[in-house]
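Below is one structure; the comments refer to it alone.
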Amino acid sequence: MIRLAILTLLFSVTASIYDFKVPSLEGGTIDFSKYKGKKVLIVNTASKCGLTPQYTQLQELSEKYKDKLVVIGFPANNFNQEGGSNTDISEFCKKNYGVTFQMAEKVSVKGDDIHPVFKY
């Protein structure tokens, strides 16, 4: 809860989407500043959603427009469709859909604990 409050405070002064830095599903950080000059497609994802097969199209978009577009997936369990750990999610996406685009750690996309990117 304290971490979320600190993140909220830090991101409350965010002037641009390119100011965000978020933990990656693989470990490390996704630094949005690396993507200045490109469009950023932020997608709420879930492994057990009826739209999960869209990972294929997201991967195709990522590959086709790699010079102009960055796809960043944000897994969330707000709708009870992403119960797995970060490792489970990563393995599922790679094994079933060949996902190589950036994936953030699991976040909340609604409610009091909404991630700052989705608040932005």
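Each residue of the sequence shown is one higher than the one before, starting from 1062 at the first, in the working numbering.
Virtual Cβ for every residue (Gly too), placed ideally from N, Cα, C.
Legend entry - Beta-carbon proximity check, Phe-1140 vs Val-1178, cutoff 8 Å: No. Outside cutoff.
Legend entry - Sequence-distant residues of its chain with Cβ nearer than 6 Å to Gln-1142 (five each side left out): Ala-1107, Lys-1109, Cys-1110
Legend entry - Of the residues Ala-1165, Val-1170, Gly-1098, Lys-1180, the one placed nearest Tyr-1126, counting alpha carbons only: Gly-1098
Legend entry - Tyr-1183 versus Gly-1088, Gln-1120, Ala-1076, residue with shortest Cα-Cα distance: Outside the shown range of the chain (1062 to 1181) lies residue 1183, about which nothing can therefore be said.
Inset, instruction - Go through its chain and collect everything with a Cβ distance to Ile-1175's Cβ below 7 Å, but skip five positions before and after it. - result: Ser-1169
Inset, instruction - With DSSP as the reference, please indicate the residues paired to Ile-1175 in a beta bridge. - result: Ile-1175 pairs with nothing; no bridge assigned.
Inset, instruction - Could you have a look at Asp-1080 and say whether DSSP puts it in helix, strand or coil? - result: helix
Inset, instruction - Please list, in chain order, all residues of the same chain as Ser-1085 whose beta carbon is under 8 Å from its beta carbon, the five residues on each side excluded. - result: Excluding residues within five positions, the ones whose Cβ falls inside 8 Å are Ile-1091, Gln-1163, Met-1164, Ala-1165, Glu-1166.
Legend entry - Contact set for Ser-1094: own chain, Cβ-Cβ below 6 Å, skip 5 residues either direction: So the list reads Tyr-1079, once near-sequence residues are dropped.
Legend entry - Candidates Lys-1100, Lys-1155, Gly-1172, Asn-1147: closest to Lys-1129 by CA position: Lys-1100
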